[in-house]
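Below is one structure, written out as structure tokens; the observations come after it.
There are 2 protein chains.
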Amino acid sequence: MTMSHTGGRRRPPTIHDVAREAGVSRGTVSRVLNGGHYVSPAAQEAVNAAIRKTGYVVNRHARSLITGRSDSVGFLLTEPQERFFEDPNFNVLLRGCTQALAAHDIPLLLMLAGTEDERRRITRYITAGHVDGVLLVSSHSGDPVAQELREAGVPLVACGKPIGLGSKVSYVAADDRDGARDMVRHLLSLGRRRIGVVTGPLDTPGGVERLAGYKEVLAEEGLPIDDDLVVSGDYSRASGEAGAERLLTQAPDIDAVFVASDLMAQGVLATLQRAGRRVPQDVAVGGFDDSPAAVAASPELTTIRQPWDRISAEMVRVLLAQIGGEDPAAVILPTELVKREST
Amino acid sequence: MTMSHTGGRRRPPTIHDVAREAGVSRGTVSRVLNGGHYVSPAAQEAVNAAIRKTGYVVNRHARSLITGRSDSVGFLLTEPQERFFEDPNFNVLLRGCTQALAAHDIPLLLMLAGTEDERRRITRYITAGHVDGVLLVSSHSGDPVAQELREAGVPLVACGKPIGLGSKVSYVAADDRDGARDMVRHLLSLGRRRIGVVTGPLDTPGGVERLAGYKEVLAEEGLPIDDDLVVSGDYSRASGEAGAERLLTQAPDIDAVFVASDLMAQGVLATLQRAGRRVPQDVAVGGFDDSPAAVAASPELTTIRQPWDRISAEMVRVLLAQIGGEDPAAVILPTELVKREST
DNA sequence: TTCTCTACTGTGAACGCTCACAGAAGCATG
DNA sequence: CATGCTTCTGTGAGCGTTCACAGTAGAGAA
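Sequence lines, in order, name chains U and E. In case it helps, this note's numbering puts the first sequence at residues -18 to 324. In case it helps, this note's numbering puts the second sequence at residues -18 to 324.
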């Protein structure tokens, strides 16, 4: 392994150097670099050898300049970041996307658009073509950035179904409703009949769908849907605590709670324990997400696993397809019940 | 606000378009773009107006091609990612760096080098000049990537003092030793005398320094340093549980534990509670990091705050300085004791 | 033979920018 | 009037790549 550029920063080899070394022209080297069609086996081999010998790496700037592509994608957060960064799911998603993209040799640019100023700057950056597409993580409706990007024709894939955008935007989401149904059925199967629910924010599809699943199952079982059993939260731990308190006063006889996120469920557990209710003996608690928070809780949470690894993989797949010219697509992935100590 | 490129994807305006619109030459526009030296006020104004009117955004690829800079930096994780992604500190650091860079209009590329393969690919990518510098997050010693990057002359700033690399590499770190000293002194001030410690991994500077602080204070107070009081962990929650179990068998009379990370402290709390010890009445527990895990724990953790916002800001500052040609530098930032329920 | 088709190769001409340089204009100095 | 200096401006070249096009050579068909 002889490296020609030992120490210091030498001018890196260009496609010319490779061509000279291999005894072919730039064109041929370029063809090898881009799939190797219309290249003779001999030339192919010579070029590859020359690349190894010179330590050549393509200059992406030069390539991007002429192709118009940037061969990079943005990972865009348009909300106050605390929300996401304290959410363990977010981590998993970010990692999954980075890895899925790495497999295609595409770097991920992390973009935070918390303030109005940042939003403007980033919108400019993106619409200027500095990324080929955007993975959008934003749950709330009426996101102006998403709207603008869509109108500018930037390939876009959202995580979770975006509300308020036309149907022409791709998204990948877990089957929230079905997951909620599984959890509520699970609680029923344990003999629980007074099942409270702490919903997510109801201006997000996840919040709405999980509540809908809860109501559906109760209705199917012929159980009444008591308004006192329904309180809403915002996915944060604090709102879980507050929600549980409201539940305990409105419906002190509850024997189970379905909580629309693990983080909120942590809060629910804390409140229940403070109130002297044992989990799961007195009150069973079911979470949602199967985030690291689920095993960090005590007792460990029974929860609904969102297939984050598949979600990120699909987001990348759909985005790349769209960059490649395909039409937008929606992908819904199944969830899974994970039983632990809290039920 | 009239946008010339409404809908669809039109060819974006170039520096030529701006020059024509402003009635000047490319050179003048370029000068305005790069600080505006040697440009008359009249030309300055005309160019700015033309930029606004055309909606011009500089093509970074073209610029990078000639300048050799990429105007982007990498955020590199060289360890098995689970470790970091489950660590709430990591989030804060990543966000801080992204924002600090955004202020300079520099995008952050997230790079995960978990496997050997990825390591190779990413090293190539970086040494090919696709980023101007690297923010390195890797605690363990003997990291081959860091070594290679250093040798290739890539500007580099580590988070936490890297072991094993020459002293010529920049880093930014919290004052681990001093933080540990604060915590142990705090526990002593509460009247505790049998203070156990769960250390971090001892091949990391943080692990070593925090233990050193613990020992120093005990020595200063004339207290014996009992080997039974010292167990080591790896910063994970599970290792906190295991560590607490060992402590309870080796030294059942402990009345306090200093735990080198909040995540481990969560595990310690769980084990103590299972063993019937009340926190803080029977055993006081002090964590380290002041991560979100600290308030997620019950009781909420007394801990040592690492100034992550300042750490990220300093990392970016030092990296940019180094990219600008300055010499490497080390920055140590003070920590702060945060009192909560567990002591 | 001659023509066509396929597989392969080399060569300018971009892509949009910055940089070095040349030059102009204004003003003071010799 | 020449000379120098400073401030400002325009121009050509070139960064490293891909793309379109023009070839070449060999095989098969007419």
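C-beta atoms are modelled at their ideal positions from N, C-alpha and C, and glycine is treated no differently. Here the structure is a predicted model, which means the values were calculated and not measured.
Rank the options by C-alpha distance to the C-alpha of residue i and give the top, closest one.
{"i": "U/Ser213", "options": "U/Gly203, U/Gly224, U/Ile206", "result": "U/Gly224"}
{"i": "E/Ala155", "options": "E/Leu116, E/Pro309, E/Arg291", "result": "E/Arg291"}
{"i": "E/Cys140", "options": "E/Val178, E/Ser279, E/Ala275, E/Thr185", "result": "E/Thr185"}
{"i": "E/Ser119", "options": "E/Arg101, E/Asp98, E/Tyr152", "result": "E/Tyr152"}
{"i": "U/Arg259", "options": "U/Ser242, U/Glu197, U/Asp236", "result": "U/Asp236"}
{"i": "U/Gly95", "options": "E/Ile144, E/Asn70, E/Ala83, E/Ala127", "result": "E/Ala83"}
{"i": "E/Val20", "options": "E/His111, E/Thr9, E/Gly145", "result": "E/Thr9"}
{"i": "U/Arg286", "options": "U/Pro261, U/Leu57, U/Asn70", "result": "U/Asn70"}
{"i": "U/Ser220", "options": "U/Ser242, U/Gln231, U/Asp234, U/Asp209", "result": "U/Ser242"}
{"i": "U/Gly76", "options": "E/Gly248, E/Leu58, E/Leu183", "result": "In the sequence as displayed, the identity of residue 76 of chain U is Arg instead of Gly. The residue with the shortest Cα to Cα distance from U/Arg76 is E/Leu58."}
{"i": "E/Arg173", "options": "E/Glu190, E/Val264, E/Leu210, E/Val126", "result": "E/Val264"}
{"i": "U/Ala232", "options": "U/Leu253, U/Tyr216, U/His85", "result": "U/Leu253"}
{"i": "E/Asp209", "options": "E/Lys196, E/Val198, E/Ser217, E/Leu228", "result": "E/Leu228"}
{"i": "U/Leu169", "options": "U/Glu2, U/Glu201, U/Ala109, U/Asp86", "result": "U/Glu201"}
{"i": "U/Val266", "options": "U/Asp215, U/Arg321, U/Pro315", "result": "U/Arg321"}
{"i": "E/Thr35", "options": "E/Arg166, E/His(-3), E/Lys142, E/Thr48", "result": "E/His(-3)"}
{"i": "U/Gln303", "options": "U/Ser51, U/Ala277, U/Pro136", "result": "U/Pro136"}
{"i": "U/Leu314", "options": "U/Glu295, U/His42, U/Arg7, U/Arg131", "result": "U/Glu295"}
{"i": "E/Thr79", "options": "U/Ile87, U/Leu91, U/His85, U/Ala81", "result": "U/Leu91"}
{"i": "U/Arg255", "options": "U/Glu222, U/Leu301, U/Arg1, U/Gly268", "result": "U/Glu222"}
{"i": "E/Leu183", "options": "E/Gly203, E/Ile144, E/Ile206, E/Pro205", "result": "E/Ile144"}
{"i": "U/Arg33", "options": "U/Arg(-8), U/Ser217, U/His111, U/Ala3", "result": "U/Ala3"}
{"i": "E/Leu301", "options": "E/Gln262, E/Val138, E/Pro205", "result": "E/Val138"}
{"i": "E/Asp234", "options": "E/Val73, E/Ser217, E/Asp207", "result": "E/Asp207"}
{"i": "U/Asp190", "options": "U/Pro205, U/Glu226, U/His167, U/Lys142", "result": "Checking the sequence shown, residue 190 of chain U turns out to be Glu, not Asp. When only C-alpha atoms are compared, the closest one is U/Lys142."}
{"i": "E/Asn15", "options": "E/Val38, E/Pro(-6), E/Gln262, E/Thr108", "result": "E/Val38"}
{"i": "U/Ala27", "options": "U/Lys149, U/Val(-1), U/Arg50, U/Val54", "result": "U/Val(-1)"}
{"i": "E/Tyr216", "options": "E/Leu130, E/Thr230, E/Gly187", "result": "E/Gly187"}
{"i": "U/Val211", "options": "U/Gly203, U/Arg218, U/Leu199", "result": "U/Leu199"}
{"i": "E/Val150", "options": "E/Leu116, E/His111, E/Arg7, E/Thr108", "result": "E/Leu116"}
{"i": "U/Ser323", "options": "U/Glu317, U/Pro205, U/His167, U/Ile87", "result": "U/His167"}
Per DSSP, which residues does residue i bridge with? Please list them.
{"i": "E/Met92", "result": "E/Leu57"}
{"i": "E/Asp308", "result": "Note: E/Asp308 sits in no beta bridge, so no partner."}
{"i": "U/Ser151", "result": "U/Val138"}
{"i": "U/Arg286", "result": "U/Asp270, U/Glu317"}
{"i": "U/Leu116", "result": "U/Phe56, U/Val138"}
{"i": "U/Val240", "result": "U/Val179"}
At what residues does the alpha helix (DSSP H) containing residue i begin and finish?
{"i": "U/Val13", "result": "7 to 14"}
{"i": "E/Gly267", "result": "Here E/Gly267 belongs to no alpha helix (DSSP H); instead the beta strand (DSSP E) covers 265 to 267."}
{"i": "E/Tyr106", "result": "97 to 106"}
{"i": "U/Glu132", "result": "125 to 132"}
{"i": "U/Glu2", "result": "-4 to 3"}
Which residues bound the beta strand (DSSP E) around residue i?
{"i": "E/Leu137", "result": "137 to 140"}
{"i": "E/Leu282", "result": "Careful: E/Leu282 lies outside any beta strand (DSSP E) and carries neither H nor E."}
{"i": "E/Gly257", "result": "That residue, E/Gly257, is in no beta strand (DSSP E); it is neither H nor E in DSSP."}
I want to check one thing, is the minimum distance from the CB of residue i to the heavy atoms of the ligand ATP below 7 angstroms?
{"i": "U/Asp113", "result": "For the structure depicted, the ligand ATP is absent and the ligand set is empty, with no information on it obtainable."}
(message) Suppose only complete runs of 3+ residues qualify. What are the beta strand (DSSP E) ranges in the segment 36 to 86 of chain E, listed by chain order?
(response) 54 to 58
(request) Note down, one range per segment and in chain order, each beta strand (DSSP E) of at least 3 residues found wholly within the segment 157 to 237 of chain E. (result) 176 to 180, 211 to 213
(request) May I ask you to verify whether the segment 167 to 180 of chain U touches the segment 238 to 250 of chain U, counting CB pairs closer than 8 angstroms and requiring at least 3? (result) yes
(message) Counting beta carbon pairs with one atom in the segment 242 to 254 of chain E and one in the segment 275 to 284 of chain E, are three or more of them shorter than 8 angstroms?
(response) yes
(message) Does the contact criterion of 3 or more C-beta pairs under 8 angstroms hold for the segment 267 to 281 of chain U versus the segment 295 to 313 of chain U?
(response) no
(request) Indicate whether the contact test is met: 3 or more Cβ pairs, each with one atom in the segment 155 to 167 of chain U and one in the segment 195 to 203 of chain U, closer than 8 angstroms. (result) yes
(message) Can you confirm whether the segment 39 to 53 of chain U touches the segment 39 to 46 of chain E when touching is taken to mean that 3 or more C-beta pairs between the two stretches lie within less than 8 angstroms?
(response) yes
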